[in-house]
Amino acid sequence: MSHEDASVVLLRDGPPYGRRQYVVKLLWIGVWLAFMSAPVKDLVVGRHTPVGRALGGAGLALFVAVYLVLLFRHTARPLGRRRLLGMLSLLGAVALLLGLTLGVPWLVLFVYVSVSAGATLPIRTSRLLIPLICAVMAGAGLVLHDARDTVVALLFPALLGGFALSGVRQLIRTTVELREARATVAELAANEERLRLARDLHDLLGHSLSLITLKSELAGRLLPDHPGRAAEQVADIERVSRQALVDVRDAVSGYRRPTLAGELAGARTALAAAGITADVPAEAPDDLPDGSEEALAWGLREAVTNVVRHSGARRCEVRLLRRETLDGPLVELAVTDDGRGAPGSPPGNGLTGLAERLTHVHGSLTTGPATGTGAAGKGFALVLRVPVGRGPDTA
């Protein structure tokens, strides 16, 4: 177990995870009791009466017990604020009483009081209480004979130990919070990846399966009278199926990226297979950033899929234009049809996923009734706008 892990076990809020960490925590707290050798030696060889030795031993045992409870119990299951302050007050009172009655060697107990305050109290409270504890120790030293050198020697470890434990406690709390935050971020990233995969599979399979369904129906109608044309449709079904399989594999691998030129060609094929008159640009711009082109390609695929599956349109027009705006140049992709118009239900998964894609490239999505040439004032229009680099005025 590393030093950092041991420190976390010592001061983190919560019980030890297992027996090993329980032992480690006990050792890290108990090892500092070795510095109580001065009062123990004074009990053994000091010039005290038997009653004084008995009372001193009982007081020292009480002090150690309260110290262990504060550092072990409170850092495992935090005590209430009043109870915590009461135990710290008891610890300080015992240290003061033993120091004043038994002599200079017992002033070392104030170092443990300072350390306990730093390890258990909030940093704002301990920042005030630790100097107060040191001041009480200095005051007790003024009362005792020949205690000046001892007080000077103990001031530094009392201040350093208290503030060090207070800083370490805050640092470890931050470390634990960062570990929890990192675990949360990892979980959110996994959820985002699952959403991305679900969105990509919907975009891929929705288009391909719609096209397969349309061509299967067409092949079924052509089969009795035109077996040759039906065979062509079956060949197209096989091609689309194979391509869909490749796209799905690439999507799972995270390496697929559709191109706008390929989606324009696919749009012409899908619209023609559905019996919809298509007005689709012959070429795509060749100077689009990868992110913008990918967003436009996915948008075109989703729009054409919706036209084929839901619109009941007879005509579909795809426009691709470059525009100059105050925010810079952008490319606008508009898909309009003369079908039954906008659906009454909320947007489906496809449009929701498309909107999410556009946010990553600072684009926008607009949907509504179609207006303009080709739509005759009815139907549905989907418009995507994505920022691009400067170039020709027309795509």
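Take any residue in the sequence shown, note its place counting from 1, add 186, and you have its number in my numbering.
C-beta: ideal position from N, C-alpha, C; glycine also.
Treat the numbers as computed from the prediction; the structure is a model and nothing was measured.
Helix, strand or coil at residue i [DSSP, three-state]
| i | result |
| --- | --- |
| residue 386 | helix |
| residue 504 | strand |
| residue 233 | coil |
| residue 446 | helix |
| residue 307 | coil |
| residue 520 | strand |
| residue 265 | coil |
| residue 424 | helix |
| residue 435 | helix |
| residue 409 | coil |
| residue 228 | helix |
Buried or exposed by the 16-neighbour rule on C-beta atoms within 10 Å, applied to residue i
| i | result |
| --- | --- |
| residue 393 | buried |
| residue 363 | exposed |
| residue 378 | exposed |
| residue 410 | exposed |
| residue 227 | exposed |
| residue 332 | exposed |
| residue 453 | buried |
| residue 289 | buried |
| residue 513 | exposed |
| residue 511 | exposed |
| residue 413 | exposed |
| residue 257 | buried |
| residue 309 | exposed |
| residue 472 | exposed |
| residue 444 | buried |
heavy atom of the ligand FAD below 7 Å from residue i C-beta
| i | result |
| --- | --- |
| residue 551 | Because no ligand of any kind appears in the structure shown, any question about the ligand FAD cannot be addressed here. |
Rounded straight-line distance, which links the Cα of residue j to that of residue i
| i | j | result |
| --- | --- | --- |
| residue 555 | residue 518 | 17 Å |
| residue 423 | residue 475 | 32 Å |
| residue 344 | residue 281 | 13 Å |
| residue 356 | residue 521 | 58 Å |
| residue 307 | residue 313 | 9 Å |
| residue 302 | residue 329 | 25 Å |
| residue 548 | residue 540 | 12 Å |
| residue 468 | residue 458 | 15 Å |
| residue 544 | residue 550 | 6 Å |
| residue 406 | residue 396 | 15 Å |
Residues that DSSP places opposite residue i in a beta bridge
| i | result |
| --- | --- |
| residue 464 | 502 |
| residue 555 | 566 |
| residue 511 | 514 |
| residue 633 | Past the edges of the chain, shown from 187 to 581, lies residue 633, and the structure says nothing about it. |
Examine the Cβ distances between the stretch 498-507 and the stretch 455-469 and report whether three or more of them are shorter than 8 Å.
With a cut-off of 8 Å, the stretch 455-469 and the stretch 498-507 count as touching, because enough Cβ pairs lie within range.
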